[in-house]
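J.: Below: one structure in structure tokens.
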Amino acid sequence: MDTKKILYLLRHGEAEPGMGQVGDFDRKLTEQGKNQLMRLAKELARRKLHFDLTVCSSAKRTLETAEIMASEIPCKGTWYSPELYEADPKIILQVINQTERNFKNLMLIGHNPGISAVATFLSGDPYLNMKPGMLVILEIYLDDWASVGQNTASLIEIMQ
């Protein structure tokens, strides 16, 4: 029997420009980006949402994004995935497919263009151009994450 799973795809918050001494991987969130994410986290907490697992790129700005989310929303575990940095949609889908079947609520924090392309691929909706700090919530009715693929998810909500 298919069970309901919720996939939260979150693009990291607004980041500092990658100029000078700071390379792209080490870019930090701006104050505006931090504030925007805190508002989002508080709204998700108000709705009493929780995550069984957060999977996050290991870039600085996604780590900061995950910390802000975790400050407001219960999560049973966090996994930092270096392959999510600059990942194409195929890699992101592999990460989703490797998630343990007992997890029902998965948060994935990543980067564009991959995160937007995965949201489009899974939902079948027109290209979703996720802006920094944007969250796409997808509902999936499958027994396990390994079965998630093209057009297997329904777009429930977009938040920012």
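Under the UniProt record's numbering, the sequence shown has 126 at position 126, and the numbering climbs by one with no breaks.
Yeah, the Cβ is synthetic: ideal placement off N, Cα and C, and Gly gets one too.
Computed from a prediction, not measured in an experiment: that's the story for all the values here.
Quick check on the DSSP output: the beta strand (DSSP E) that includes residue 179 runs from which residue to which?
T.: Limits of the chain in this structure are 1 at one end and 160 at the other, which puts residue 179 out of reach.
J.: Residue range of the beta strand (DSSP E) that Thr65 falls in?
T.: Counted as a single uninterrupted DSSP element, the stretch harbouring Thr65 is not any beta strand (DSSP E) but the alpha helix (DSSP H) occupying residues Lys60 to Glu72.
J.: Rounding to the nearest angstrom, what Cα-Cα distance links Leu106 and Ile91 in this structure?
T.: 16 Å
J.: Ile137: buried (16+ other C-beta within 10 angstroms of its C-beta) or exposed?
T.: buried
J.: Pull the bridge partners of Asn105 from the DSSP assignment, please.
T.: Ile6
J.: Please report the Cβ distance between Ile96 and Val148, rounded to the nearest whole angstrom; I am assuming they are in contact, meaning their Cβ atoms lie under 8 Å.
T.: 5 Å
J.: Quick one: grab the DSSP three-state call for Leu84.
T.: helix
J.: If you draw a straight line from the alpha carbon of Ile156 to that of Lys28, how long is it in whole angstroms?
T.: Ile156 and Lys28: Cα-Cα distance of roughly 30 Å.
J.: Can you find the residues in the same chain that come closer than 6 Å, C-beta to C-beta, to Ser116, ignoring five residues on each side of it along the sequence?
T.: Leu128, Asn129 and Met130
J.: What is the DSSP secondary structure of Glu43, counted as helix, strand or coil?
T.: Glu43: helix per DSSP, three-state reduction.
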